[in-house]
Amino acid sequence: MNAPTGKLAEGAQDYRVVGTRPVRPDGVDKVTGKAIYGGDFVAPGMIHGAILRSPHAHARIRSIDVSAALALPGVKAVVTGADMPEDKALKQRDPTGGLLSFARHSLAVDRAMFDGHAVAAVAATTPEIAQAALALIRVDYEVLEPVLTIEAALAAGAPVLHPEHKTSGVAPEETVPNVLAVLTHAKGDAAAGFAEADAVYEGSFSTAPIHQGYIEPHACVAQWNADGQGQIWASSQGHFMIRDQVGGILGIPLANLRVTPLEIGGGFGGKTRVYIEPVAMLLARKAGRPVRLAMTRAEVFRASGPAPGSVSKIRMGATRDGRITAVELDIALTSGAYAHDENGPALASATLPYNLANLDFTARAVFVNMTMTYAYRAPAAPQAVFAVESAIDELARQLGLDPLDMRIRNVARPGELNFHGLPMGQVGYLEALEAAKAHPHWSAPLPERQARGVAMGAWGNYGGPSTAEVSVADDGSVLVAEGNPDIGGSRAAMAMMAAETLGIDYGQVRVVVADTSAIGFSMNTAGSRTTFATGKAVIQACEAIIADLRHRAALIWGVEDAEVDWRDGAAWCGSGDNAGRSLAIKAIAKRANFSGGPIAATGAVNAQGWLPGVGVHICDVAVDQETGITTITRYTAVQDVGTAIHPDYVEGQMQGGAVQGIGWALNEEYVFNAGGAMDNPGFLDYRMPVCSDLPMIDTVMVEKPNPNHPYGVKGVGEAPIVPPLGAVGNAVSRAIGKRVTHLPLSPARVHAAITQA
Amino acid sequence: MPPTTFHAPATLADAVSLLSAAGSRPLSGGTDLIVQMRSGRAAAPAIVDLKRIPEMSGIARSAEGGFVIGAATPCTALKADAALAAAWPGVVEGANLIGSIQVRNRATLAGNLCNASPAADSVPALIAAGARCRVVGPGGEREVAVADIPVAPGRTSLGEGEIVAAILLPPQPTGGADAYLRLTPRTEMDIAIVGAGAWVELAADGTCTAARVALGAVAPTARLVEEAGAALVGTKIDEAALAALSAACQAAAQPIDDKRGSAAYRIAMAGVLARRAVLKAAERAAARKEA
Amino acid sequence: MSRLHVSTTVNGDAQEFLCDAGATLLEALRGPLGLTGSKEGCGSGDCGACTVTLDGEMVCSCLVLAAEAEGRRIGTIEGMAEPDALHPLQQQFLKHGALQCGFCTPGVLVAAKALLDHNPQPTETEARYWLAGNLCRCTGYDKIIRAVLAAAADLRQERSPA
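Here the protein sequences line up with chains A, B and C, keeping their order.
Heads up, the first sequence is in the numbering used here, so the first residue is 1046 and it goes up one at a time.
Heads up, the second sequence is in the numbering used here, so the first residue is 9 and it goes up one at a time.
Heads up, the third sequence is in the numbering used here, so the first residue is 1366 and it goes up one at a time.
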């Protein structure tokens, strides 16, 4: 029986390796402190970079005088925006304007657009000299009025951040100042839907900008050789992305730029683009020495890519039996100082797991003088779903319906049409709801003075391009090279899928994450795509290896390829003198050079057929009614995971995403002072959950395999952050008897909600 | 300008002499000083480490049965001292809410006091306990009430070259007990939005014969709220007394709006926390009486 | 400005280095001593990624001046395993999947070892409060706590086999 290709073999759920919990290949390095992360890498002759950042949220840069800095002994290079390519060149290389945004965000040219915006950088022989050099740079700013919130940006007479920009999604003459883009989505007849509703809820919601909160600050080393070849060592969610963006911004042919991935200390979407790497390369070119450049924690908060804040208005109608008849949603999201548009995912995710007839959606991305926002785990879905799941909860309450039953009433099933009008594949929305309903947590009696909330949220996931190379060494051990940084156990998943496909032991497979010069393109480790898409590439390469091994065995036995089976890690002869004999992978590999040469194959895919992930979370809270402090007392995360290749790491994604969502709901927020500087750029006042804040996070992995992946994989990384805002909000609302609509639910806000008439 | 000199004197006299040089800063736990130096908020050209001076570390008993806590004694050592933890659990609690355990293995009462953050966790309980400190400087030694050390956020009443050498706690009378509570959004690793330290002394019949209540994070410095203590004296700490206590605390609170909380919320919480701290102290006092 | 010479003991080995007066122990470990296992997550003592032991007690090495290491004993993640065997905590972390990106892991392991040195039989709550100074953004802490409690059981078993 050959390994399955594409379609899941009937009844092939009894995997040997998939579904087990082996130790990950990079595990020992990570528990002994040996793993090399971005800030750990040392290049011979390396010097140290530092960045000067604007203290103004909005200012024209009249001039920059770097002469004193250049004269400081030990300083090897100083760069400013003048060293960056011009707008024209950047737009030519990327007409969408993406590279232009990234370049200007990395280093300002004529305007500082946010507090923390890089305006100059130095490289010096020691970090202390680099800091001293920064202090010698004279920047002449003309301070301009900043725009600090969505409301302020949309107010009449607000300063316009990008006067030349035409709002996309509307006619040019209808450009709205400070609005990057508008997107609408309409389905059916919302007015008619509201008319038939027995109950209607209307509410305004908001969430603050939020940081991904990875513990490892951005760090890299860049090096430039006189022959025009450059190297970067960086931690990131995609070294090909670093290559393409640095190469694109600086006009370096991609094959001349080699990016080596270092281990990454968390990303969650925040490390899927460049921030300091282009500047590091500029410094390296000028200095003629490798340059290490890293961000401090405060720089990470001020100048990387946090998640957009949101302001939304929702109206939802339902009939007595809980059928949702119409949803009207208007959501505005912070784009920040440059163009970042999450309108698409906001609208696509808002009611993703439901089959609703009448929708009227609008999303707007708004420029604001804060650092450009960027992807955070399921971008825009938590914000949009917070409003939707709160509205559903309100209607369930009003109609006297069980909140899970109401969701089941409206859930989307396979075959029904999705957001894009195409029939849904084997989505597991209903199964997830039913599993939540059957879970003991749902029916557990509530302890005194506690309340329970539930919410569902889904994320579309992705596939896309990945490359993997598999080779078999003479002793039968297998090497897999792939191009996706390992954020949370993907090396293990690749090894498991390779072992499963080849029919060999997990311990016989080694996985390396190869650099950009050593393997073909792979898209970022992001979008819940890696186990799915890179897995497919690995499997494809393994299947080619199997075909090759069968062929060599056929040569050895003197039979046709078709008469050789592959199972249990060996070739089996089906006919002739050697019928019934087998040759294990090791035996064939030993004779590789006599049977055709090295045994190696590439899998290169643009993976299609991905399916969404969906989570249903149940949350119990106790709210101290006198102080407004919320304690999470019990939490259960249910998710359709397709097939859990490595259950520990799937559970880990569910738990990690749930806790990030809890932090988003309870205490995390960007606080700005009146001048537009972030007031809390540190872990003391940017309040992420600590260990003692939380109970165990129970997980239920519902396995409804994806038929479009050989092992049934559905991406799992992002879905778990989508339900918690609604689950926590619904629980707190029930605890205090009032609907909470503005996150985070810090004690002061909850207290105000309790005491308000 | 990063520091250029580091001294680790072996005697208090040497430390005082080194600290008389302009710009010298004393280093105990360093959990405030090092952060401030590196962020540029504090300039410390010369650092004088106090931790190699034997008498600066450790907890001794005074002749009257009180406690003498060396200024370089870390917070976790307070917790490990059974007698201190039994006599002044509120002081020990306050100290052991600062930062994390990693921080508390280094941070000191004296450092927390002299950093003069309005939200310092150890200070309200020290004030409620009637703590004093031994100040040593070029002019010799003197004793000062803890409450008189902080004068404004980040500023103390210490003169040039003076340091706090020890924190002095009185003996705990029978029937007396203290408590410290703070309000933070997270369970740990946080900084007080409001802090309340309370000390009560109960007579055999449960009447409160003495009380002190101090608030943190609701004024430029932590401070004793005399009216709050007065509201309890002569009562059995009943609802009426507690209501008067809360009102007195709310009236005394003069907080600012900042990223950690609005003034209105802090005022409301001052009343809530003070009440809860007093109840905890009273419960402890009642238990001590019976013991 | 002349640099200070520090003699200290790291993971049982005598070590020396030069440093500036204002350098932190974390910088000394990661720089001249080449021990990059301890990480900088925040530089202000708010995340615990730099946790090491100083004379047996856990501290944030970003809040200790390198000069203070003179004559003291430093313990880092690099000293936790035996040459031929991982510490039970390290083993249980791997077994439980108690790390995802692994960046907070060295600090968490050093802190967890300090917990078990102080309290061989911690409850879940005690473990959570002990580790409150170590931020983890990937795991939600669940598997970390399970691994710590499992390792505690391992160590109690080792010390007094049933």
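For each residue, glycine too, the CB sits at the ideal point set by N, CA and C.
Owing to the predicted nature of the structure, the values given are computational and were not obtained by experimental measurement.
Quiz item: Going along the chain, which residues of its own chain have a beta-carbon closer than 7 Å to the beta-carbon of residue 1813(A), five neighbours each way excluded?
Solution: A question about residue 1813(A) goes unanswered here, because the residues of chain A that appear run from 1046 up to 1802.
Practice problem: State yes or no: is the beta carbon of residue 45(B) nearer than 8 Å to at least one beta carbon in chain A? | Solution: For the purposes of this step, residue 45(B) is taken as the residue at position 37 of the second sequence. So, not an interface residue.
Exercise. Could you name the residues of chain B that residue 1416(C) contacts, counting a contact when the two beta carbons are closer than 7 Å?
Key: Sequence index remark: in the third sequence, residue 1416(C) carries index 51 (1-based). Within chain B, the residues 110 have their CB atoms less than 7 Å from the CB of residue 1416(C), given in chain order.
Quiz item: For the stretch 1120-1131 of chain A against the stretch 1301-1317 of chain A, are there 3 or more C-beta pairs whose distance is under 8 Å?
Solution: no
Exercise. With distances taken Cα to Cα, identify the nearest neighbour of residue 1462(A) among 1454(A), 1472(A) and 1453(A).
Key: Counted from its first residue, the first sequence places residue 1462(A) at position 417. Of the listed residues, the one whose Cα sits closest to residue 1462(A) is 1472(A).
Quiz item: Since residue 52(B) contacts residue 69(B) with CB under 8 Å, what's their CB separation in whole angstroms?
Solution: The residue you call residue 52(B) lines up with position 44 of the second sequence. The residue you call residue 69(B) lines up with position 61 of the second sequence. About 34 Å separates the two Cβ atoms, so there is no contact after all.
Self-check item: Interfacial residues, the stretch 1705-1733 of chain A to chain B, with Cβ spacing under 7 Å
Solution: 1712, 1716, 1724, 1725, 1729, 1730 and 1732
Practice problem: Could you list which residues in chain C have their beta carbon closer than 9 Å to that of residue 1342(A), in chain order? | Solution: Residue mapping note: residue 1342(A) aligns to position 297 of the first sequence, counting from 1. Going along chain C in sequence order, the residues near residue 1342(A) (Cβ under 9 Å) are 1405, 1406, 1407, 1408, 1409, 1411 and 1412.
Quiz prompt | Beta-bridge partners of residue 1383(C), as assigned by DSSP | solution = The sequence position of residue 1383(C) within the third sequence is 18, counting from 1. Answer is 1370(C), bridged to residue 1383(C).
Self-check item: Residues near residue 1142(A) in its chain [Cβ-Cβ closer than 7 Å; skip 5 each side]
Solution: Locating residue 1142(A) in the first sequence gives position 97, where the first residue counts as 1. Closer than 7 Å at Cβ, skipping near neighbours: 1136 and 1384.
Quiz item: Taking 8 Å as the CB-CB limit, is residue 1425(C) close to chain B?
Solution: The residue you call residue 1425(C) lines up with position 60 of the third sequence. At least one chain B Cβ lies under 8 Å of residue 1425(C).
Quiz item: When you check each C-beta in the stretch 1483-1506 of chain C against every C-beta of chain B, which residues fall closer than 7 Å?
Solution: Taking a C-beta cut-off of 7 Å against chain B, the contacting residues of the stretch 1483-1506 of chain C are 1494, 1495, 1497 and 1498, listed in chain order.
Quiz item: Considering only residues of the stretch 1630-1666 of chain A, which uninterrupted beta strand (DSSP E) runs meet the minimum length of 3 residues and lie entirely inside it, listed in chain order?
Solution: Those beta strand (DSSP E) runs which fall completely within the stretch 1630-1666 of chain A and span 3+ residues are 1644-1652.
Quiz item: Ordered along the chain, which non-local residues of its own chain (more than five positions away) have a Cβ less than 6 Å from that of residue 1477(A)?
Solution: On the first sequence, residue 1477(A) is found 432 positions in, with the first residue counted as 1. Here the set comprises 1659, 1661, 1683, 1685 and 1747.
Quiz item: Taking the C-alpha atoms as reference points, what is the distance between residue 1362(A) and residue 1667(A)?
Solution: Locating residue 1362(A) in the first sequence gives position 317, counting from the first residue. Locating residue 1667(A) in the first sequence gives position 622, counting from the first residue. Answer to the nearest angstrom: the Cα atoms are 30 Å apart.
Self-check item: Stretch-stretch touch, CB-based, cutoff 8 Å, three pairs: the stretch 1095-1106 of chain A with the stretch 1152-1159 of chain A
Solution: yes
Quiz item: Nearest chain B C-beta to residue 1396(C) closer than 8 Å, yes or no?
Solution: Reading the third sequence from its first residue, position 31 is the one you call residue 1396(C). No, residue 1396(C) lies away from the interface with chain B (no Cβ there is under 8 Å from its Cβ).
Self-check item: Interface partners of residue 199(B) on chain A, CB under 9 Å
Solution: Numbered from 1 along the second sequence, position 191 holds the residue referred to as residue 199(B). Near residue 199(B) (Cβ distances below 9 Å), the residues of chain A are 1729 and 1730.
Practice problem: Return no unless some Cβ of chain A is closer than 8 Å to the Cβ of residue 286(B). | Solution: Along the second sequence, read from residue 1 onward, the residue named residue 286(B) stands at position 278. It does not; no Cβ of chain A falls within 8 Å.
Quiz prompt | Whole-Å CB distance - residue 1419(C) paired with residue 1439(C), under 8 Å assumed | solution = Here the question's residue 1419(C) lines up with position 54 in the third sequence. Here the question's residue 1439(C) lines up with position 74 in the third sequence. Indeed they touch by this definition, with Cβ atoms about 6 Å apart.
Quiz item: Taking 8 Å as the CB-CB limit, is residue 1345(A) close to chain F?
Solution: This model lacks chain F altogether, as its protein chains are A, B and C.
Quiz item: Does DSSP put residue 1875(A) in a helix, a strand or coil?
Solution: Absent from the structure is residue 1875(A), since the part of chain A shown begins at 1046 and ends at 1802.
Quiz item: Quick one: does residue 1681(A) have its CB under 8 Å from some CB of chain B?
Solution: Translated into the one-based positions of the first sequence, residue 1681(A) becomes position 636. Taking Cβ atoms only, chain B never reaches closer than 8 Å to residue 1681(A), which makes this a no.
Quiz item: So what's residue 1047(A) in DSSP terms, helix, strand or just coil?
Solution: Numbered from 1 along the first sequence, position 2 holds the residue referred to as residue 1047(A). Caution is warranted here: a pLDDT of 34 is assigned to residue 1047(A), below 50, making its placement in the model unreliable, and the coordinate value is therefore given only provisionally. Note: residue 1047(A) maps to coil in three-state DSSP.
Quiz item: Three or more beta-carbon pairs under 8 Å between the stretch 1690-1706 of chain A and the stretch 1756-1765 of chain A, yes or no?
Solution: Touching, per the Cβ criterion.
Exercise. Identify which residue in 1636(A), 1588(A), 1616(A) and 1592(A) has its Cα closest to the Cα of residue 1648(A).
Key: Numbered from 1 along the first sequence, position 603 holds the residue referred to as residue 1648(A). For the residues 1636(A), 1588(A), 1616(A) and 1592(A), the minimum Cα distance to residue 1648(A) belongs to 1588(A).
Quiz item: Is the beta carbon of residue 243(B) less than 8 Å from the beta carbon of residue 251(B)?
Solution: Residue 243(B) sits at position 235 when you count from the first residue of the second sequence. Residue 251(B) sits at position 243 when you count from the first residue of the second sequence. Taking 8 Å as the cut-off, the beta carbon of residue 243(B) is found no closer than this to the beta carbon of residue 251(B).
Quiz item: Cα separation between residue 1794(A) and residue 1675(A)?
Solution: Residue mapping note: residue 1794(A) aligns to position 749 of the first sequence, counting from 1. Residue mapping note: residue 1675(A) aligns to position 630 of the first sequence, counting from 1. Between residue 1794(A) and residue 1675(A), the C-alpha separation is close to 11 Å.
Practice problem: Please report how far the alpha carbon of residue 167(B) lies from the alpha carbon of residue 145(B), in whole angstroms. | Solution: As a first step, residue 167(B) is located in the second sequence; it is residue number 159 there, counting from the start. As a first step, residue 145(B) is located in the second sequence; it is residue number 137 there, counting from the start. Residue 167(B) and residue 145(B): Cα-Cα distance of roughly 8 Å.
Quiz item: Cβ atoms of residue 1333(A) and residue 1506(A): under 8 Å apart, would you say?
Solution: Within the first sequence, residue 1506(A) is the residue found at index 461, counting from 1. Within the first sequence, residue 1333(A) is the residue found at index 288, counting from 1. Not in contact: residue 1506(A) and residue 1333(A) (Cβ atoms no closer than 8 Å).
Exercise. Taking 8 Å as the threshold, find out whether the stretch 68-86 of chain B comes into contact with the stretch 267-276 of chain B through three or more Cβ pairs.
Key: no
Quiz item: Are the CB atoms of residue 1391(C) and residue 1375(C) nearer to each other than 8 Å?
Solution: In the third sequence, residue 1391(C) corresponds to position 26, counting from 1. In the third sequence, residue 1375(C) corresponds to position 10, counting from 1. Cβ distance not < 8 Å, so residue 1391(C) and residue 1375(C) don't count as in contact.
Quiz prompt | For residue 1426(C), the nearest candidate out of 271(B), 39(B), 91(B) and 62(B) (CA to CA) | solution = The residue labelled residue 1426(C) in the question sits at position 61 within the third sequence. Of the listed residues, the one whose Cα sits closest to residue 1426(C) is 39(B).
Self-check item: Range of the contiguous alpha helix (DSSP H) that encloses residue 83(B)
Solution: Here the question's residue 83(B) lines up with position 75 in the second sequence. First-last of the alpha helix (DSSP H) with residue 83(B): 83-88.
Quiz prompt | Pick from 1538(A), 1558(A) and 1557(A) that is closest to residue 1551(A), judged by C-alpha positions | solution = The count along the first sequence starts at 1 and reaches residue 1551(A) at position 506. It is 1538(A).
Quiz item: Under three-state DSSP, which class holds residue 195(B)?
Solution: As a first step, residue 195(B) must be located in the second sequence, where it is residue number 187. Looking at residue 195(B) - three-state DSSP - the assignment turns out to be coil, as it is neither helix nor strand.
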